[in-house]
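Novice: This is the structure I want to talk about, given as structure tokens.
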């Protein structure tokens, strides 16, 4: 029985031009109508201005001061201070000729200046254009020119990389403001290209607190967020004030209905890139509720130390981050000795069984919580009550681990930049939703569209199909790309390209990706993300990229093996190579390949979905080589370009092996009669 969604429209049968589509559903928490904005709420700026009046002395933005390479306690700016500085920055922007509707770039890591620049833009109705901290010069140039950015706020360490771009960007870009200081040499070089360059403090002094603010409309574009892009050039996703406001208020409603809303007592650990819509929505929600936001140092080595110092109540991450934390905790438990490990396993199994029976987490094993699991919670600061995961599927065992050990309110969500972050979320304390992305939020309608070529039927007993969404948090189109907008927006429905499956309770499970399919030479369709997810269950690897094309009859893969697992195998097999050399070792490659395909067989992959050869890569797929997006999605064209020679060698090797096997078989046939 679907208890978390309600049907609002009937299914659509297939026609000559369109595949069939399932019924239209919405959240049970919006069964009467999708959420509406309160009268008079027109811009996210109102969240900050209201909170600055209600909580003027509350801490808003905090970062750790580093002295002699050692991080100290968090130093805070209050709501009142952030509000005043944003007004002055906004006024200074206007003094530089940046008018409402002009575009402003923000380029740098998460920090107080990032949020203040964003709020300054909101105050003046100037759309801001986030630039990923990890973007290279070419992508930055493209976005500045494509979005016609006239002013950019830039981290001081990024300015040396920005200056050489100015001859190709100065048609629009006229002002650079550093997050910190700027040297006289840098100022002079920028001025030689017609661009003025200011330090943060200089720019604040140029503005006034009492300048008149322009009118605002919920239909105005608030931000243009360029997708990191797994293929081609980045696309500028236009998000309106209404989209962001509706997303924040829907988040509040969902928390009110299913868990506990945030208050001024809560604090959030800012770790995910602010240039990503997921973190930006969460931080906007925090500002709306009067919460504190503490920023990480920017170095993953000190992530746990930052958590210990801040002691946040909220934490957002991507699956890769949660996997690292989970593996680190398990390694520490294992290192504590056999008895400690066995006690943990017994406690874990006992509490898990109770949670699976429907017992609430805080009542499932309270004594064991105090005795064993509280130590894990203390490792995250001791106060975490809500964890959110997005951007990619969270492995079931990782989600289960955190729910059992330290945070029952771990919610996995699903969304895209085009949907203004999350449009589905799993519900806190509902353990049956582990492994799903939960239920629709209260701003959208959702339906499945059949994908006949992949065998997905939206009208089947177990409905499966492409997830299509309409509602109040959808984007306003791709900037300057009407053609691309029309490809994905059909009759008011946004076609996500993701394949979903409805669960009996009304939650959603992501099972495939429509766009990442291809045919092998014999005509079989390959849904490559689904295959990669299966192989990722092999404990011997940390990452995998599966490749095939219509000119070949089988699949190959590039695999990043788990270092400890491979070194343990080497020790047990008298192999003395170091890790890098082991990745070239033919016996090691065969071992990993055999284990991968053993995993595939257990999960009942078909023969043509099995990998025939692997290349072992000692380095993780990273942004420095442009192999993954900032949210760690695989960039397939870039991976193919980078590993082109390795892929060619894998196909050659596999074919030669097959030829050798066939030749041996042919030569043996006379003796088999």
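Numbering (full-length UniProt numbering), first residue to last: 1 to 673. Glycine is no exception: its CB is placed at the ideal position from the N, C-alpha and C atoms.
Which of the three DSSP states is assigned to residue 87 in this structure?
Specialist: The residue labelled residue 87 in the question sits at position 87 within the chain shown. If DSSP states are grouped into helix, strand and coil, residue 87 belongs with the helices.
Novice: Quick one: is residue 397 buried, meaning 16 or more other Cβ sit within 10 Å of its Cβ, or exposed?
Specialist: One-based indexing of the chain shown puts residue 397 at position 397. Residue 397 comes out exposed.
Novice: Considering Cα atoms alone, identify which of 163, 13, 109, 236 is closest to residue 483.
Specialist: Here residue 483 corresponds to residue number 483 of the chain shown, with the count starting at 1. When only C-alpha atoms are compared, the closest one is 236.
Novice: Report yes if the C-beta distance between residue 534 and residue 600 is below 8 Å; otherwise report no.
Specialist: Taking the first residue of the chain shown as 1, we reach residue 534 at position 534. Taking the first residue of the chain shown as 1, we reach residue 600 at position 600. Yes, the pair counts as a contact, with Cβ atoms nearer than the cut-off.
Novice: Three-state secondary structure (DSSP) at residue 140?
Specialist: Indexing the chain shown from 1 puts residue 140 at position 140. In the structure shown, residue 140 sits in a helix (DSSP, three-state: H, G or I).
Novice: Closer than 8 Å, CB to CB, is residue 11 near chain C or not?
Specialist: Of the chains in the structure shown, none is chain C; there is only one protein chain.
Novice: By alpha-carbon positions, which one of 640, 262, 602, 371 ends up nearest to residue 615?
Specialist: Here residue 615 refers to the residue found at position 615 of the chain shown. It is 640.
Novice: Taking the alpha carbon of residue 445 as the point to measure from, which residue in 462, 258, 8 has its own alpha carbon closest?
Specialist: Mapped onto the chain shown, residue 445 falls at position 445. Minimum Cα distance to residue 445 is reached at 8.
Novice: Indicate whether the contact test is met: 3 or more Cβ pairs, each with one atom in the region 263–278 and one in the region 484–500, closer than 8 Å.
Specialist: No, the region 263–278 is not in contact with the region 484–500.
Novice: Going by DSSP, what residue range makes up the beta strand (DSSP E) through residue 8?
Specialist: In the chain shown, counting from the first residue as 1, residue 8 sits at position 8. It spans 5–9 - the beta strand (DSSP E) in which residue 8 sits, taken as one unbroken run.
Novice: Would you check if the distance between the CB atom of residue 675 and the CB atom of residue 618 is smaller than 8 Å?
Specialist: It is not possible to answer for residue 675, since the shown part of the chain is limited to 1 through 673.
Novice: Could you round the C-beta distance between residue 554 and residue 606 to whole angstroms and report it? I think they count as a contact, below 8 Å.
Specialist: Position 554 of the chain shown holds residue 554. Position 606 of the chain shown holds residue 606. At roughly 12 Å, the Cβ-Cβ gap does not stay under 8 Å, so residue 554 and residue 606 are not in contact.
Novice: According to the Cβ coordinates, are residue 107 and residue 145 closer than 8 Å?
Specialist: Numbered from its first residue, the chain shown carries residue 107 at position 107. Numbered from its first residue, the chain shown carries residue 145 at position 145. For residue 107 and residue 145, no; Cβs fall outside 8 Å.
Novice: When you compare only the Cα positions, how much space is there between residue 92 and residue 205?
Specialist: Working through the chain shown from its first residue, we reach residue 92 at position 92. Working through the chain shown from its first residue, we reach residue 205 at position 205. So the alpha carbons of these two residues sit roughly 8 Å apart.
Novice: Whole angstroms are fine: how far does the CA of residue 332 sit from the CA of residue 26?
Specialist: Start at 1 with the first residue of the chain shown, and residue 26 comes out as number 26. Start at 1 with the first residue of the chain shown, and residue 332 comes out as number 332. Distance between the alpha carbons of residue 26 and residue 332: 44 Å.
Novice: Give the DSSP bridge partners of residue 679, in chain order.
Specialist: Since the first residue of the chain shown is 1 and the last is 673, residue 679 is not available in this structure.
Novice: From the DSSP output, read off the bridge partner residues of residue 509.
Specialist: For the purposes of this step, residue 509 is taken as the residue at position 509 of the chain shown. According to DSSP, which records beta bridges pairwise, residue 509 is partnered with 501.
Novice: Going by DSSP, what residue range makes up the alpha helix (DSSP H) through residue 185?
Specialist: Residue 185 sits at position 185 when you count from the first residue of the chain shown. Here the alpha helix (DSSP H) through residue 185 covers 184–191.
Novice: Determine, using beta carbons only, whether residue 86 and residue 123 come nearer to each other than 8 Å.
Specialist: Your numbering for residue 86 matches position 86 in the chain shown. Your numbering for residue 123 matches position 123 in the chain shown. Yes, these two residues count as a Cβ contact at 8 Å.
Novice: Ordered along the chain, which non-local residues of its own chain (more than five positions away) have a Cβ less than 7 Å from that of residue 657?
Specialist: Along the chain shown, read from residue 1 onward, the residue named residue 657 stands at position 657. Excluding positions up to five away in sequence, the list is empty.
Novice: Report yes if the CB atom of residue 425 is closer than 8 Å to the CB atom of residue 439, and no otherwise.
Specialist: Position 425 of the chain shown, counted from the first residue, corresponds to residue 425. Position 439 of the chain shown, counted from the first residue, corresponds to residue 439. Their beta carbons are under 8 Å apart, which means residue 425 touches residue 439 by this criterion.
Novice: On the criterion of 16 or more Cβ atoms from any shown chain inside 10 Å, does residue 570 qualify as buried, or is it exposed?
Specialist: The residue labelled residue 570 in the question sits at position 570 within the chain shown. So residue 570 ends up on the buried side.
Novice: For the beta strand (DSSP E) containing residue 59, name the first residue and the last one.
Specialist: Within the chain shown, numbered from 1, the residue matching residue 59 stands at position 59. Looking at the DSSP string, the run of the beta strand (DSSP E) that includes residue 59 is 59–67.
Novice: Give the range of the alpha helix (DSSP H) segment to which residue 162 is assigned.
Specialist: In the chain shown, residue 162 corresponds to position 162, counting from 1. Residues 159–162.
Novice: Cβ atoms of residue 181 and residue 195: under 8 Å apart, would you say?
Specialist: Locating residue 195 in the chain shown gives position 195, where the first residue counts as 1. Locating residue 181 in the chain shown gives position 181, where the first residue counts as 1. No, these two residues do not count as a Cβ contact at 8 Å.
Novice: Out of 306, 273, 262, 216, which has the shortest C-alpha to C-alpha gap to residue 287?
Specialist: For the purposes of this step, residue 287 is identified with residue 287 of the chain shown, where counting begins at 1. Of the listed residues, the one whose Cα sits closest to residue 287 is 262.
Novice: In this structure, how does DSSP classify residue 607 when only helix, strand and coil are distinguished?
Specialist: Indexing the chain shown from 1 puts residue 607 at position 607. The answer is helix: DSSP assigns residue 607 an H, G or I state.
Novice: Once DSSP output is grouped into helix, strand and coil, what is the label at residue 630?
Specialist: By one-based count along the chain shown, residue 630 stands at place 630. In this structure, residue 630 counts as coil in the three-state DSSP scheme.
Novice: When you compare only the Cα positions, how much space is there between residue 364 and residue 385?
Specialist: Position 364 of the chain shown, counted from the start, is the residue given in the question as residue 364. Position 385 of the chain shown, counted from the start, is the residue given in the question as residue 385. For residue 364 and residue 385, the distance between alpha carbons rounds to 16 Å.
Novice: Using the Cα positions of residue 6 and residue 190, report the straight-line distance between them to the nearest angstrom.
Specialist: On the chain shown, residue 6 is found 6 positions in, with the first residue counted as 1. On the chain shown, residue 190 is found 190 positions in, with the first residue counted as 1. Cα-Cα distance, rounded: 58 Å.
Novice: Could you name the residues of the same chain whose beta carbon sits closer than 7 Å to that of residue 120, not counting the 5 residues immediately before and after it, in chain order?
Specialist: Start at 1 with the first residue of the chain shown, and residue 120 comes out as number 120. Excluding residues within five positions, the ones whose Cβ falls inside 7 Å are 86, 89, 90, 93.
Novice: Here's the rule: buried if 16 or more other CB atoms are within 10 angstroms of the residue's CB, otherwise exposed. What is residue 177?
Specialist: Position 177 of the chain shown holds residue 177. Burial call: buried.
Novice: If residue 388 sits next to residue 413, beta carbons under 8 Å apart, how far is it from one beta carbon to the other, in whole angstroms?
Specialist: Here residue 388 refers to the residue found at position 388 when the chain shown is read from its first residue. Here residue 413 refers to the residue found at position 413 when the chain shown is read from its first residue. So it is a contact: roughly 6 Å between Cβ atoms.
Novice: Going along the chain, which residues of its own chain have a beta-carbon closer than 8 Å to the beta-carbon of residue 654, five neighbours each way excluded?
Specialist: Your numbering for residue 654 matches position 654 in the chain shown. Around residue 654: 554, 556, 612, 613.
Novice: Are the Cβ atoms of residue 280 and residue 35 separated by less than 8 Å?
Specialist: On the chain shown, residue 280 is found 280 positions in, with the first residue counted as 1. On the chain shown, residue 35 is found 35 positions in, with the first residue counted as 1. Contact: no.
Novice: Would you list the residues sitting across from residue 236 in a DSSP beta bridge?
Specialist: Stepping through the chain shown from its first residue, residue 236 is reached at position 236. 226.
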